Amino acid sequence: MGIIDKLHKEFESRVRLGIMSILMVNDWVDFTEMKSLLDITDGNLASHSSALEKAHYVEVKKEFVGKKPRTSYRVTNTGRIVFTSHLNALEKLFKS
Amino acid sequence: MKLIFNFVFQSTLYMNQKHQEDLSHIRSMMERSSRFISLSGLSGVFAGISALLGGGYAFQLAKDNGINLLDGTNDVYRPELIKQLVVVGFFIFVFALFFGILFTVRKSQKNKLAIWTSATKKLLLNLTIPLFVGGVFCLALIHHHLFVLVAPSTLVFYGLALINAEKYTLSDIKYLGIFQALLGCIALFFLGSGFLFWMIGFGVLHVLYGLILYNKYK
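Residue numbers (the numbering used here), protein chains in the order written: chain V, 1230 to 1325; chain R, 65 to 282.
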């Protein structure tokens, strides 16, 4: 049971896994690029990213480039630690 | 009892499969977002062919001027010939670049991957910086009439540029880089044979590398 406890509920959805994976290996990633990498809709990305923001795993930056608003994401320290432990737990499942 | 056991067994099996898929999804997302993976092997093959054809033309050009580029002697080139060789080199570069972009764009369209991502920009930046420095270096060599050093220097800088770009694309590219840089270093000790080394590096190695890459990621 110990291992299962470490699998975090927040990462159950494929989209959230994708967002976290991308942010683990990049610095700031903007909304449009994230959307095209994951191949999902605006609404889908917005709802999942705001859930991750609420959990303090992801940091959101909103700014204006000219007249267009741009939203970018970055993983927080907490997010990095929690996602790493989630990955380790997943890997342990297959070793045992 | 048996029913419950069966249910537990089945759901564990299902969860296992889901977690396995999660892991491969994570790996692919990490790679796709940080590396430019659409680089086509055919781009390498055609870059090599451009170099071989251009090299053949340059050889002919030199021969018309009474110089055998393959005899291993350290000829003094006339400035006129050098100008022509630089033009040939420029056309080789344009052709190689054109085919490189063509096949790579086609591959990314086939795999439905975005082409102008931050990974692409990072790859281009990290390729361009050493190449630009190398280009200036070679222009300076030409300026000082140190022509024999140009071919080895292009190999060395190109090799270093590829090794530098390794982090942002298919990492196989570093082996090509190591071989090019090594070839350049050897060529520095056989100054009269620069042309031969240049043909092996930019021609033969590109074709070989392209074919290997093409077969590996078909």
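Ideal Cβ placement from N, Cα and C applies to all residues, glycine included. Bear in mind the structure is a predicted one, so any value in this text is a computation, not a measurement.
Look at V:T1300 here: in three-state DSSP terms it is strand.
By alpha-carbon distance to R:F253, the top candidate from R:P216, R:N132, R:A122 and R:C202 is R:P216.
Look at R:T181: its C-beta is under 8 Å from a C-beta on chain V. Within the region 170-202 of chain R, contact with chain V at the beta-carbon level (separation under 7 Å) is assigned to A178, T181 and S182. For a Cβ distance threshold of 7 Å, residue set H89 and M93 of chain R lies close to V:G1247, ordered along the chain. Excluding residues up to 5 positions away in sequence, T168, T233 and L234 lie with their Cβ nearer than 7 Å to the Cβ of R:L103 in the same chain. Per the C-alpha coordinates, the member of R:A251, R:M93 and R:G265 positioned closest to R:Q244 is R:G265. Between the region 213-230 of chain R and the region 182-193 of chain R, the count of Cβ pairs shorter than 8 Å is three or higher; the stretches touch.
Taken through DSSP and simplified to helix, strand or coil, R:K280 comes out as helix.
Check the Cα spacing between R:L191 and each of R:H208, R:I237 and R:K171: the tightest is with R:I237.
Nothing from the region 134-151 of chain R brings a Cβ to less than 9 Å from some Cβ of chain V.
V:L1236 places its beta carbon less than 8 Å from that of V:L1319. Put simply, the backbone Cα of R:L210 is about 25 Å away from that of R:L117. Within the region 152-187 of chain R, not a single complete beta strand (DSSP E) segment reaches 3 residues in length.
A direct Cα-Cα distance of roughly 10 Å separates V:I1310 from V:V1304. Closest in alpha carbon position to R:V268, among R:Q84, R:R91, R:L87 and R:G119, is R:G119.
Excluding the 5 residues flanking it on each side, R:V220 has same chain C-beta neighbours closer than 7 Å at A245, G248 and C249, in chain order. CA-CA distance, R:K171 to V:D1259, rounds to 25 Å.
Each residue's CA atom was taken as its position, placing R:F196 and R:Y239 some 21 Å apart. For the region 1279-1309 of chain V, there are no residues whose beta carbon sits under 9 Å from a beta carbon of chain R.
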